[in-house]
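Report on one structure; see the data block that follows.
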Amino acid sequence: MPAGRPPKRPGDDGTASPSDSPSGTGKQKAARVGRGRGDFSSVVKNKLSSYSRTGQACDRCKVRKIRCDALPDGCTNCTQLNLECYVTDRVTGRTERRGYLQQLEREKTSMLTHIRDLEKLLEGKGVQVRPWQPSSTQVSETPLDLEAESASKSLWTQSGSSWTSDANDHARSSNNSPRPSHHFSLPIHGMSTSTSTSTMAPIGRHLGVAKDIAPLSSIDGTQLSILGTRIDITSFGAPDMDGPPAGISNAAPLYNKSLQSFCNSIAKVNPSRDAPLPSRYDAFRFSDFFFITTAPFVPVLHKPTYMKLLSRIYDDPDFTPTKAELVIVHMVLAIMYWQSACRNGEDPDRRAELNNLSNIHYHWSVDKTWDLAGEMSLAAAQALVLMATHCRSFPKPGPAYLIASLAWNRVIESNMHRAYLGGHELTTFENEMRKRIFWSLFGVVVSLFGRLGKPMPIRAEDIDVGFPIAIPDECLTDEGGITDPARIGESDCIPALTSFRLSFLFMDMWNSVYSARQSPDRYAHELRRVEQDFWAFHRDLRDQLRPDRPAAELSVHAKYLDCACYEFLLCLRHPSHCATSDPAIVAENHEVCEIYSRKLLSTASELARHKALDTTWYQMTVYVAAIFTLLASLWNRRTETTPADLDDLKEYMDMGLFVVKAILKYIASDAQVLDQITSVIDRTIASIEQEMG
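Residue numbering for the sequence shown follows full-length UniProt numbering, starting at 1 and increasing by one per position.
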């Protein structure tokens with residue numbers, strides 16, 4: 001051994017190492033291979049448990065050469081002085097705060113728990129999320145695993161590092177996918193999407209139940225969201241739509257437009273109230289207004305027959321009308337009182353008086369609902385349709401869905417969706433009225449169910465009844481049917497006949513493009529098909545009803561129909577309902593929605609200037625959706641926005657706010673929802689200005 005070199009430590013058995021022998025040929029000790037990693041750790045832990053020292057003092061105690069204890073979150077000396085306890089690792093040289101790793105572990109555990117809770121919440125909403133796995137996770141995959149992964153890739157959509165899928169589609173696919181005998185977690189990081197551009201997007205998007213996608217989501221009933229802000233369009237003060245105040249029993253008499261008051265009246269909880277008819281002059285005056293303003297869109301009544309009924313009620317003391325006939329008269333008055341109240345915003349006292357009269361006649365009619373449901377006459381069906389029409393015009397949804405469903409069941413029970421006469425039989429008065437009743441209610445039901453996100457109660461294949469014939473009411477009698485065939489096409493209800501065809505297209509759209517079970521390929525096909533049907537309808541519409549026609553009485557009606565057409569295209573192409581990620585279709589959807597949102601707001605502002613807006617929650621939702629669509633469209637290309645683009649957006653935002661103010665002037669008692677919409681517009685425009693290129 002060289003001089004000055006210390007002797008080597010003997011082995012565990014007390015013998016010197018082989019290199020210590022002069023010849024180097026000593027017997028070598030065999031390596032121990034039976035001890036696992038866990039065995040070494042347990043030995044070290046057992047030894048440490050008997051030590052009284054930490055093994056490594058913190059930096060402060062080491063420098064000051066004082067005793068340091070082993071408290072996990074900091075030694076006693078540092079804790080008493082309210083100092084962070086830092087330790088420099090003697091091997092790596094890295095300085096860390098004592099307890100740092102323990103804190104990270106606690107935070108990781110807490111975040112994992114939070115992630116699992118969010119995954120469960122999404123699953124409850126119909127979105128399945130692949131469980132999070134760390135990027136370092138190594139999983140051995142069998143051929144069955146790889147086959148299952150390949151089969152399921154088309155069902156998942158990647159968003160950042162997460163993968164989502166519609167739960168229903170995933171469940172259906174899993175029934176047909178190979179199942180490995182043992183569960184293996186599919187790797188997430190590094191997974192490539194399908195090479196097809198038509199990858200699956202979250203499904204289950206009916207208007208009203210759409211998944212939220214940034215920056216714009218669809219309408220969720222009466223709610224819209226943009227850039228993280230959610231607005232309820234019906235979040236305005238409307239005491240006439242509120243139920244009993246807190247602390248008051250639901251059984252307390254209530255006669256307003258709320259759902260609770262409707263249920264109380266229909267269930268006879270509300271005491272029956274007398275609703276005296278107005279003077280003969282007022283009754284006929286309001287009835288004439290009804291056939292001028294409402295009947296062109298809801299031709300459920302035959303004017304000569306109704307006027308004859310009204311005359312007999314007022315002029316014939318021996319005449320006893322049926323309950324259905326009386327409800328018809330009371331509902332006409334309720335509708336016109338309410339419409340007059342909406343147009344008398346400048347006189348609050350007169351408005352309140354007319355609204356109260358409307359509620360009196362409305363609740364008198366609701367009290368007779370079950371009598372109407374049990375009567376299989378045309379008059380009973382007409383009365384129920386008038387009630388559904390009236391409820392649809394309320395400032396908030398209220399009882400509209402309930403009464404529309406009841407009326408729909410009554411109409412279907414009477415087989416009004418089926419052809420009443422043979423193909424070669426001449427039409428009759430009863431046949432035409434059945435068609436008018438069915439299609440009038442059909443328009444209410446489709447618009448109401450679609451906006452609230454409810455499934456359509458009928459399919460196109462279930463309907464074989466034709467549309468009503470366009471004939472003036474005076475040329476249609478209950479004795480001889482059509483008396484003057486030469487006047488076919490001159491009807492005052494041409495707007496209604498056109499809207500019936502558009503409602504049929506709406507139903508087709510809800511049942512196909514917005515179906516709950518959707519695929520990218522089917523979505524693209526149905527989108528093109530429905531759009532082709534719409535433009536075929538639109539070509540005929542322009543021949544019948546053009547806004548520039550000289551007939552002044554059709555100008556406002558034509559603008560209403562134009563708004564309905566723009567709404568249809570906005571719903572059909574809305575980006576948040578796109579079931580494919582095909583870039584061409586997505587870009588086309590954005591472009592179409594932007595174009596027709598502008599046209600919708602422009603036409604609505606014209607109607608507002610003429611005080612002819614449809615002042616309903618339904619239309620309010622459509623107008624605000626158009627506003628948000630334009631905002632989101634410019635936000636998406638904010639880095640390419642020019643000052644001219646921003647000025648154009650501000651102009652249309654002013655139009656939209658003008659329309660919203662005009663509606664709220666008639667139906668709301670406060671400006672809460674207006675303030676919310678204005679705030680969203682201002683903040684979004686400010687953000688666009690900051691990020692403009």
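Ideal placement from N, C-alpha and C gives every residue a C-beta, glycine not left out.
Paired residues, beta bridge with residue i - DSSP
i	result
I437	For I437, which the question treats as bridged, DSSP gives no partner whatsoever.
I115	Paired residues: none, contrary to the question.
V624	Paired residue(s): none; V624 is not in a bridge.
G481	T477
Y86	R97
Nearest candidate by alpha-carbon position, reference residue i, set the options
i	options	result
H390	I403, L378, S519 and A380	I403
Y306	V332, P296, T294 and Y281	V332
S279	H363, D533 and I313	I313
Y420	A516, E591, K435 and K368	K435
G450	L310, E567 and L426	E567
E375	T322, R517, H330 and S405	T322
T369	D614, R522 and A388	A388
A381	G398, V87, M507 and S405	S405
N250	A407, M241, N256 and Q260	Q260
G481	H590, L426, P468 and G466	L426
residue 700	R517, S365 and L497	Since the first residue shown for the chain is 1 and the last is 693, residue 700 is missing from the structure and cannot be characterised.
P575	C563, L649 and E594	E594
residue 727	R501, D349 and P520	The chain is shown only over 1 to 693; residue 727 falls outside these bounds and no answer can be derived.
S272	I360, F291 and P304	I360
A516	H525, K454 and W535	K454
Euclidean distance between Cα positions of residue i and residue j
i	j	result
I471	V622	32 Å
S340	S491	25 Å
D315	E430	26 Å
K62	E105	27 Å
D318	E325	15 Å
I335	F297	14 Å
Y362	A579	43 Å
L372	T113	56 Å
L384	T477	23 Å
D89	T109	25 Å
R528	F537	14 Å
I494	E474	15 Å
L97	E84	The question names Leu, but residue 97 in the sequence shown is Arg. For R97 and E84, the distance between alpha carbons rounds to 7 Å.
S377	M433	11 Å
L277	K120	58 Å
D675	L657	10 Å
G243	F394	14 Å
M241	K257	5 Å
N82	V91	28 Å
C614	D582	Rather than Cys, the amino acid found at residue 614 in this sequence is Asp. Between D614 and D582, the C-alpha separation is close to 37 Å.
V530	T684	33 Å
F467	S499	11 Å
K65	L101	25 Å
A171	S512	Note on A171: pLDDT 44, under 50, position unreliable in the model; no value is reported.
residue 724	M655	Outside the shown range of the chain (1 to 693) lies residue 724, about which nothing can therefore be said.
Y514	T678	30 Å
F262	A352	20 Å
T294	C571	25 Å
Beta-carbon separation (whole angstroms), residue i vs residue j, contact threshold 8 Å
i	j	result
D73	G99	4 Å
S503	V411	In fact, because the Cβ distance is near 14 Å, the residues do not count as touching under 8 Å.
D533	L569	About 12 Å separates the two Cβ atoms, so there is no contact after all.
Y618	R392	7 Å
L452	Y401	6 Å
I681	L646	Actually they do not touch by this definition, with Cβ atoms about 12 Å apart.
M456	W408	Actually they are not in contact, since the Cβ atoms of M456 and W408 sit about 11 Å apart, beyond 8 Å.
Y337	L309	Contact doesn't hold; Cβ gap of about 19 Å is too wide.
V327	S287	No, V327 and S287 are not in contact; Cβ-Cβ is about 15 Å, not under 8 Å.
Proximity test, residue i beta-carbon vs the ligand ATP heavy atom, cut-off 7 Å
i	result
L601	For the ligand ATP, the structure offers nothing, since it holds no ligand at all.
Neighbour flag for residue i against chain D, beta carbons, 8 Å
i	result
A275	Looking at the structure shown, chain D is missing, and only one protein chain is on hand.
TODO: Tell me, please, whether the segment 434-441 touches the segment 259-270 by the rule of three or more beta-carbon pairs shorter than 8 Å.
DONE: no
- [ ] Would you check if the segment 599-617 and the segment 644-662 touch, i.e. whether three or more CB-CB distances between them fall below 8 Å?
- [x] Flag = yes, the segment 644-662 and the segment 599-617 touch.
TODO: Take every Cβ of the segment 446-464, pair it with every Cβ of the segment 479-497, and state whether three or more of those distances are shorter than 8 Å.
DONE: no
Task: the segment 623-633 / the segment 589-603 touching (three or more Cβ pairs under 8 Å) - done: yes
Task: Given 8 Å, three or more beta-carbon pairs between the segment 586-594 and the segment 553-565 - done: no
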